[in-house]
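K.L.:
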C-alpha cells in the first residue's frame, strides 16, 4: 500500500511517470520474500511449521509473525529480526527509486515534507507511513468519527490485500449521509445494535474485484459477479466477527443482500472508503445500525 | 462407497460453490450435487446420499446448523463438514455438538480442505 500512496504522489508531482511506478512495483512484487521462507532458510522454523502457519493465516486475520509467536515457534525478538531481513516496504520502495535513478537520496527529506504537508499529516503520522505497515497506514485515512468502524474497515482492507490485490490502496475516507443503493452488495452484522457494510462500484473497481476473487471474467456487474463480491465481503466480515468473539463479543452475520440493507441505519454514522485496485476504484461503506428494541 | 469420494456442496454463494467444486474436482472428488440453502440440502441429501457434505452456515431460508441437525437425524452416519466465514468458537462448538465432523473457516486453503475431507471420509 505504501508504494502506491507515495508512488502516486511522485507521479502527481511529476517526479516519475506512471510507467516507471508500475515497473518499480512490479519488480518489488517479484522479489518480495515471505517471512516464512526467510525463517525456514535461517533454520528458525521447519518447513512443516511454516506451512502450518501459512494455513492458519488463510483463515485468521493475523500476521505470520503473530501466529508464530502464539504457537510458541518463535519469540518476538526473532520475528523482529526476520522482519528486518524482509525489509520495510517503504524502505525497499524508496531504495528501488534511488537505485533506478528516479530520485536522489538527498531529495527524500524534502519530498516527504511536501507529501506530509499536501496530506495534512503530522510528523507522527508520517512515521506511520514510513513504517510501511498497513495496520498503521489505514487509520490515517479514516475520519475520527469512524469510531468503532475502524477495526472492521482495517480487516476488510487487509482481506482485499491478501485475497485480491497486494497493491490495493485507499483514499481519504469520509463520513456521508448516503448508503449506496445501486451496484452494491451489503451484509449486516447484528448484536445489540450492529453494522451494515457494503462494496459498491466506482469506476470499474468492483467488477475487477468480482472477477479476480472468483477467477472468472465477468463482462458486467450482474448477479453472478455481485455474488463474488458478496462472498468476499462475507469472508472479511467473518474474520472481523471471529476476532471480536475472541474478545468476548458475539455478532450474528446475516447473508449478503443486493438490495436494502437489513436494519435501520443511524443518521450521520456512515463512513465511505475509496479503494483502488490499480487505476480502478470501488467503495467500501460501513454504517452503524440503530439499536433493536 | 467406491474409490471416488462423492461430495454434496451446500452454500448460498455461487462463487463459493464454484471455487470449492474446482478444488475438489482437481483433487479427484465427484460433486454429487449442489444446494443453495439448508432446506434444499436436506432434501438433496435424502436423494443423493453422498459420502460427505460441505455445509455453509449463513444461508437464507434455512441455515446450515439447522440443516446439519435434520441430516444427522435422517442419517446418524452422515458426514458433514461445516465451511463458514463465521468462525466464532461458539458456532464451532455448537456444530460439533450437533454432529458435524469438522469445521473449516473461510477463506479456506485448498490443501487444507482436501485433506480434511479425505480424513473425515476415512474416519480419522
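Residue numbers (this note's numbering), protein chains in the order written: chain F, 38 to 330; chain Y, 262 to 385. We put the CB at the ideal spot given by N, CA and C, even for glycine. For clarity, every value in this text was computed on a predicted model and none was experimentally measured.
1) For the alpha helix (DSSP H) holding residue 188 (chain F), just list the boundary residues, first then last.
2) Could you check if residue 283 (chain F) is buried or exposed, using at least 16 other CB atoms within 10 Å of its CB as the buried criterion?
3) Please name the residue in F:291, F:322, F:215 and F:303 whose C-alpha comes closest to that of residue 243 (chain F).
4) Could you tell me which residues DSSP puts in a beta bridge with residue 311 (chain F)?
5) Using a Cβ distance threshold of 8 angstroms, determine whether the segment 284–293 of chain F contacts the segment 265–275 of chain F, with at least three qualifying pairs required.
6) Can the beta-carbon of residue 62 (chain F) be found closer than 8 angstroms to that of residue 40 (chain F)?
7) How is residue 250 (chain F) classed by DSSP in three states: helix, strand or coil?
8) Is the CB-CB distance between residue 363 (chain Y) and residue 342 (chain Y) below 8 angstroms?
9) Would the segment 121–140 of chain F count as touching the segment 46–66 of chain F if we require 3 or more Cβ pairs under 8 angstroms?
10) Is there a C-beta anywhere in chain Y that falls below 8 angstroms from the one on residue 259 (chain F)?
11) Less than 8 angstroms between CB atoms is the rule here; does residue 87 (chain F) satisfy it with respect to chain Y?
12) Do you know offhand how far residue 144 (chain F)'s Cα is from residue 150 (chain F)'s?
13) Which residues in the same chain have their Cβ closer than 6 angstroms to the Cβ of residue 296 (chain Y), if we skip the five residues on either side of it in sequence?
14) Under the DSSP definition of a beta bridge, which residues are partnered with residue 296 (chain Y)?
15) Over what stretch of residues does the beta strand (DSSP E) that includes residue 343 (chain Y) continue unbroken?
16) Does chain F have any CB closer than 8 angstroms to the CB of residue 233 (chain Y)?
17) Tell me which same chain residues have a C-beta within less than 7 angstroms of the C-beta of residue 267 (chain Y), skipping the five on either side of it?
18) Counting only beta-carbon atoms, is residue 262 (chain Y) nearer than 8 angstroms to chain F?
19) Any C-beta of chain F sitting closer than 8 angstroms to the C-beta of residue 351 (chain Y)?
20) Leaving out five residues on either side along the sequence, give the residues of the same chain with a beta carbon under 8 angstroms from the beta carbon of residue 301 (chain F).
21) Given a cut-off of 8 angstroms, decide if residue 264 (chain Y) and residue 317 (chain Y) are closer than it, judged by their beta-carbon atoms.
22) In three-state DSSP terms, what is residue 48 (chain F)?
23) Would residue 250 (chain F) and residue 310 (chain F) qualify as a contact pair, given that the criterion is a beta-carbon distance under 8 angstroms?
24) For residue 299 (chain Y), is the classification buried or exposed, using 16 other Cβ atoms within 10 angstroms of its Cβ as the cut-off for buried?
25) Note down the Cα distance separating residue 262 (chain Y) from residue 384 (chain Y), rounded to an integer number of angstroms.
26) Once you ignore the five residues that flank residue 361 (chain Y) on each side, which residues in its own chain have a CB closer than 8 angstroms to its CB?
27) What residue ranges within the segment 80–108 of chain F form continuous alpha helix (DSSP H) runs of no fewer than 4 residues, ordered along the chain?
28) Am I right that residue 95 (chain F) and residue 287 (chain Y) are in contact with their C-beta atoms under 8 angstroms? What's the rounded C-beta distance?
29) Look at the alpha carbon of residue 216 (chain F) and the alpha carbon of residue 236 (chain F), and state the distance between them as a whole number of angstroms.
30) Could you please give the first and the last residue of the uninterrupted beta strand (DSSP E) stretch that includes residue 315 (chain Y)?
31) Let me know the beta strand (DSSP E) ranges lying completely inside the segment 149–183 of chain F, each 3 residues or longer, listed in chain order.
32) Spell out whether any CB of chain F is found under 8 angstroms from the CB atom of residue 320 (chain Y).
33) Among the residues of its own chain, which have a CB less than 8 angstroms from the CB of residue 177 (chain F), if the five just before and after it don't count?
34) Below 8 angstroms on C-beta distance, what does residue 297 (chain Y) contact in chain F?
P.N.:
On the basis of the supplied data:
1) Following the DSSP letters along the chain, one finds residue 188 (chain F) inside the alpha helix (DSSP H) bounded by residues 186–200.
2) That one is exposed.
3) Per the Cα distances, F:322.
4) In the DSSP assignment, the residues bridged to residue 311 (chain F) are F:320.
5) Yes: at least three Cβ pairs fall under 8 angstroms.
6) Against a cut-off of 8 angstroms, the Cβ pair of residue 40 (chain F) and residue 62 (chain F) comes out as a contact.
7) Reduced to three states, the DSSP call for residue 250 (chain F) is helix.
8) Against a cut-off of 8 angstroms, the Cβ pair of residue 342 (chain Y) and residue 363 (chain Y) comes out as a contact.
9) Contact between the segment 121–140 of chain F and the segment 46–66 of chain F is present, because at least three Cβ pairs lie under 8 angstroms.
10) Taking Cβ atoms only, chain Y never reaches closer than 8 angstroms to residue 259 (chain F), which makes this a no.
11) Answer no: the Cβ-Cβ gap between residue 87 (chain F) and chain Y never drops below 8 angstroms.
12) So the two alpha carbons sit approximately 10 angstroms from each other.
13) Around residue 296 (chain Y): 271, 302 and 305.
14) In the DSSP assignment, the residues bridged to residue 296 (chain Y) are Y:271.
15) Note, residue 343 (chain Y): beta strand (DSSP E), 341–345.
16) There is simply no residue 233 (chain Y) to check, as chain Y begins at 262 and stops at 385 in what is shown.
17) Answer for residue 267 (chain Y): 291, 293, 311 and 312, listed in chain order.
18) Low confidence applies to residue 262 (chain Y): its pLDDT is 46, below 50, so where it sits in the model is not reliable, and the reading given next is rough at best. With 8 angstroms as the cut-off, residue 262 (chain Y) does not count as an interface residue toward chain F.
19) Chain F, which has a Cβ nearer than 8 angstroms to the Cβ of residue 351 (chain Y), makes this yes.
20) Here the set comprises 326 and 327.
21) With contacts defined as CB atoms closer than 8 angstroms, residue 317 (chain Y) and residue 264 (chain Y) fail to qualify as a contacting pair.
22) Reduced to three states, the DSSP call for residue 48 (chain F) is helix.
23) The beta carbons of residue 250 (chain F) and residue 310 (chain F) sit no closer together than 8 angstroms.
24) That one is buried.
25) Bear in mind that the predicted position of residue 262 (chain Y) carries a pLDDT of just 46, short of 50, making it unreliable; the figure below should be weighed with that in mind. Between residue 262 (chain Y) and residue 384 (chain Y), the C-alpha separation is close to 13 angstroms.
26) The residues are 316, 329, 341, 342 and 343.
27) Within the segment 80–108 of chain F, the complete alpha helix (DSSP H) runs of at least 4 residues are 84–96 and 101–107.
28) Contact flag wrong, Cβ pair sits at about 17 angstroms.
29) The alpha-carbon atoms of residue 216 (chain F) and residue 236 (chain F) are separated by roughly 11 angstroms.
30) Where residue 315 (chain Y) is concerned, the enclosing beta strand (DSSP E) stretches over 313–316.
31) As far as the segment 149–183 of chain F is concerned, it has no whole beta strand (DSSP E) run of at least 3 residues.
32) With 8 angstroms as the cut-off, residue 320 (chain Y) counts as an interface residue toward chain F.
33) Closer than 8 angstroms at the Cβ level, and outside the excluded window around residue 177 (chain F), lie 158, 162, 165 and 166.
34) Ordered by position in chain F, no residue passes the 8 angstroms Cβ test against residue 297 (chain Y), which lies about 11 angstroms from the chain.
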